[in-house]
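**Q** Counting along the sequence shown from 1, when you hit position 20 you're at 20 in this note's numbering, and nothing is skipped either side. Glycine residues also receive a C-beta, built at the ideal position from the N, C-alpha and C atoms.
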Amino acid sequence: MDGLNTAYLLLGGNLGDVKETFIKAIEGIDEFAEIKEKSGIYRSEPWGFESEHDFLNQVLLVRTGLSPKDFLRSLLEVEQQLGRETKRHSQTGSYQSRLIDIDLLFYEDYEVSGKDLTVPHPKLHERRFTLLPLAQIAPDFIHPSKNKTISQLLLECDDNAEVKEI
Numbered sequence: 001m002d003g004l005n006t007a008y009l010l011l012g013g014n015l016g017d018v019k020e021t022f023i024k025a026i027e028g029i030d031e032f033a034e035i036k037e038k039s040g041i042y043r044s045e046p047w048g049f050e051s052e053h054d055f056l057n058q059v060l061l062v063r064t065g066l067s068p069k070d071f072l073r074s075l076l077e078v079e080q081q082l083g084r085e086t087k088r089h090s091q092t093g094s095y096q097s098r099l100i101d102i103d104l105l106f107y108e109d110y111e112v113s114g115k116d117l118t119v120p121h122p123k124l125h126e127r128r129f130t131l132l133p134l135a136q137i138a139p140d141f142i143h144p145s146k147n148k149t150i151s152q153l154l155l156e157c158d159d160n161a162e163v164k165e166i
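Below is the structure:
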């Protein structure tokens, strides 16, 4: 064992030069985690709110020696360095246009639900824009609380939003 833990991340954004922001986010994450694999970049309509800008999303497979909380804290620092605003929109809640969003989808088979950290991500199985890029690099990964592979979750997903690799 190398003492490193496997985690899956979802990068998302729909403001500014999103591809360039993803490059910078990956560089920032590389400071505290080893990037093992990247999905393609996918375009989708906003989920949960209206916006004139489509979202781009990409999934990363990383290895880190940080604890889940320290890892999340480091991800939040990368978001802030790249200009992420943390205020909530008054009508759409946390669903809003943004420069960058980094979601921790999985951390090993760790399961926790708390104020600051919830893993696995509670809505990933409902979101085609998360499942498609995740299935590209981890189709056989088993969701620890759903006990289904990512491929199975994608087949069962009711979200019929258009999501395309670019």
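Rounded to whole angstroms, what's the CA-CA distance from Gln80 to Phe55? Just pull it up for me.
**A** Counting from 1 along the sequence shown, the entry for residue 80 is found at position 80. Counting from 1 along the sequence shown, the entry for residue 55 is found at position 55. One C-alpha to the other measures close to 19 Å.
**Q** Enumerate in chain order the residues of its own chain whose CB-to-CB distance from Ser74 is below 7 Å, with the five nearest sequence positions on each side excluded.
**A** In the sequence shown, residue 74 corresponds to position 74, counting from 1. Once the five neighbours on either side are set aside, the close Cβ partners of Ser74 are Phe32, Leu66.
**Q** Counting only runs of 3+ residues fully inside the segment 30-84, write out the beta strand (DSSP E) ranges in chain order.
**A** Correct list: 34-38, 42-44, 55-64.
**Q** Is Ala7 helix, strand or coil when you go by DSSP?
**A** The count along the sequence shown starts at 1 and reaches residue 7 at position 7. In the structure shown, Ala7 sits in a strand (DSSP, three-state: E or B).
**Q** Between the alpha carbons of Leu76 and Lys148, how many angstroms are there, rounded?
**A** Taking the first residue of the sequence shown as position 1, residue 76 is located at position 76. Taking the first residue of the sequence shown as position 1, residue 148 is located at position 148. Between Leu76 and Lys148, the C-alpha separation is close to 29 Å.
**Q** What residue range is occupied by the uninterrupted alpha helix (DSSP H) comprising Glu165?
**A** Within the sequence shown, numbered from 1, the residue matching residue 165 stands at position 165. Where Glu165 is concerned, there is no enclosing alpha helix (DSSP H), although the beta strand (DSSP E) it sits in stretches over 163-165.
**Q** Going by beta carbon distance, what residues of the same chain come within less than 8 Å of Tyr42, once the five residues before and after it are set aside?
**A** By 1-based counting over the sequence shown, the position of residue 42 is 42. Correct list, in chain order: Leu56, Asn57, Gln58, Phe129, Leu132, Pro133, Val163, Lys164, Glu165, Ile166.
**Q** Excluding the 5 residues preceding and the 5 following Leu154 in the sequence, name in chain order all residues of the same chain whose CB lies nearer than 6 Å to its CB.
**A** Residue 154 sits at position 154 when you count from the first residue of the sequence shown. The residues are Leu131, Ala135.
**Q** Between Pro168 and Asp109, how many whole angstroms is the CB-CB distance? I'm expecting something under 8 Å.
**A** In this structure the chain extends from 1 to 166, so residue 168 is not present and cannot be described.
**Q** Report, in whole angstroms, the separation of the C-beta atoms of Leu99 and Gly83, which I expect to be a contact under 8 Å.
**A** Here residue 99 is taken as the residue at index 99 of the sequence shown, counted from 1. Here residue 83 is taken as the residue at index 83 of the sequence shown, counted from 1. Indeed, because the Cβ distance is near 5 Å, the residues count as touching under 8 Å.
**Q** Nearest CA to the CA of Arg63: which residue from Ser151, Lys115, Gly3, Gly28?
**A** To locate residue 63, count along the sequence shown from 1; it is residue 63. Checked all of Ser151, Lys115, Gly3, Gly28; the closest Cα to Arg63 is Gly3.
**Q** Please work out which residues of its chain come closer than 8 Å, Cβ to Cβ, to Pro46, disregarding the five sequence neighbours upstream and downstream, and give them in chain order.
**A** If you number the sequence shown from 1, residue 46 lands on position 46. Counting only Cβ-Cβ distances below 8 Å, and skipping sequence neighbours, we find Asn14, His53, Asp54, Phe55, Tyr95, Ser97.
**Q** For the beta strand (DSSP E) holding Ile102, just list the boundary residues, first then last.
**A** Residue mapping note: residue 102 aligns to position 102 of the sequence shown, counting from 1. 101-107 is the span of the beta strand (DSSP E), which, as asked, contains Ile102.
**Q** Could you say which of Asp101, Val119, Lys69 lies nearest to Gly16 if we only look at CA atoms?
**A** Counting from one through the sequence shown, the residue named residue 16 turns up at place 16. Of the candidates Asp101, Val119, Lys69, the one whose C-alpha sits nearest the C-alpha of Gly16 is Asp101.
**Q** What is the DSSP secondary structure of Lys148, reduced to helix, strand or coil?
**A** On the sequence shown, residue 148 is found 148 positions in, with the first residue counted as 1. Correct three-state label for Lys148: strand.
**Q** Please state the DSSP three-state secondary structure of His125.
**A** For the purposes of this step, residue 125 is taken as residue 125 along the sequence shown, with counting starting at 1. Reduced to three states, the DSSP call for His125 is helix.
**Q** Give the secondary structure of Gly28 by DSSP, where H, G and I count as helix, E and B as strand, and everything else as coil.
**A** Against the sequence shown, residue 28 aligns to sequence position 28. Note: Gly28 maps to helix in three-state DSSP.
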